[in-house]
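Add 124 to a position in the sequence shown, counting from 1, and you land on the number used in our numbering.
The beta-carbon is built from N, C-alpha and C at its ideal position, and this holds for glycine as well.
On a predicted model such as this, the values are computed, not experimentally measured, just so you know.
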Amino acid sequence: MEKLRRVLSGQDDEEQGLTSQALDTSSLSFSTRLKWFAICFASGVVFSILGTGLLWLPGGLKLFAVFYTFGNIAALASTCFLMGPMKQLKKMFEATRLLATIVMILCLIFTLCAALWWHKKGLALLFCILQFLSMTWYSLSYIPFARDAVIKCCSSLIS
125 MEKLRRVLSG QDDEEQGLTS QALDTSSLSF STRLKWFAIC FASGVVFSIL GTGLLWLPGG
185 LKLFAVFYTF GNIAALASTC FLMGPMKQLK KMFEATRLLA TIVMILCLIF TLCAALWWHK
245 KGLALLFCIL QFLSMTWYSL SYIPFARDAV IKCCSSLIS
């Protein structure tokens, strides 16, 4: 359908750059995109659960931080198969979710830095918690009025 829309609007494939053609998911069938989304998302969930299991082993906090972060990255990357990487990046950096995206990316980076280079286990755990909260807030931005509902719920609990 998208290719038909491009041809009808005067933009055929020859006018697209090579990078744009390579990153365009419309060349994949819907079932293929759905399969790869499921594989990538499931691997992200498995990484996160495996990381949580490793948390309880001696010295497993570092492995937890790494596996949990890679799980979140895989789950986030899975949506690229549904909408395409460029569209995903454009949506991530829209004004409504810009702050959530920046905080989420920083938490992903700082979690890995704290676990692998700084060797600060408490800081890595803190960044994992912040990573969970920022991923949740980012995900809620795709559901209409979800953030408003969460804000109202939390404010009613506080007051």
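Minimum C-alpha distance to residue i - residue among the options
| i | options | result |
| --- | --- | --- |
| residue 227 | 156, 252, 151, 258 | 258 |
| residue 85 | 214, 212, 208, 201 | What the structure shows of the chain is the stretch from 125 to 283, and residue 85 is not part of that stretch, so it cannot be assessed. |
| residue 182 | 245, 269, 163 | 245 |
Beta-carbon contacts of residue i that lie in its chain and below 7 angstroms, excluding the five residues immediately before and after
| i | result |
| --- | --- |
| residue 266 | none |
| residue 235 | 189, 193, 248, 251, 252, 255 |
| residue 239 | 186, 189, 190, 248 |
| residue 149 | Note that residue 149 has pLDDT 47, beneath the 50 cutoff, so the model's placement of it is unreliable and the number below is only indicative. The answer, listed in chain order, is 157, 205, 208. |
| residue 221 | 262, 265 |
Enclosing alpha helix (DSSP H) for residue i [first to last residue]
| i | result |
| --- | --- |
| residue 209 | 209 to 216 |
Residue i in three-state terms, based on DSSP
| i | result |
| --- | --- |
| residue 181 | coil |
| residue 203 | helix |
| residue 219 | coil |
| residue 267 | coil |
| residue 244 | coil |
| residue 152 | coil |
| residue 279 | helix |
Under 8 angstroms between C-beta atoms of residue i and residue j
| i | j | result |
| --- | --- | --- |
| residue 180 | residue 224 | no |
| residue 191 | residue 157 | no |
| residue 275 | residue 232 | no |
| residue 161 | residue 195 | no |
Same chain, Cβ closer than 6 angstroms to residue i, five either side skipped, listed in chain order
| i | result |
| --- | --- |
| residue 273 | none |
Residue i: CB within 7 angstroms of a non-hydrogen atom of the ligand GDP
| i | result |
| --- | --- |
| residue 176 | Looking at this structure, you won't find the ligand GDP or any other ligand, since it has none at all. |
Cutoff 8 angstroms; reference residue i; Cβ partners in own chain excluding five residues on either side
| i | result |
| --- | --- |
| residue 271 | 261, 264, 265 |
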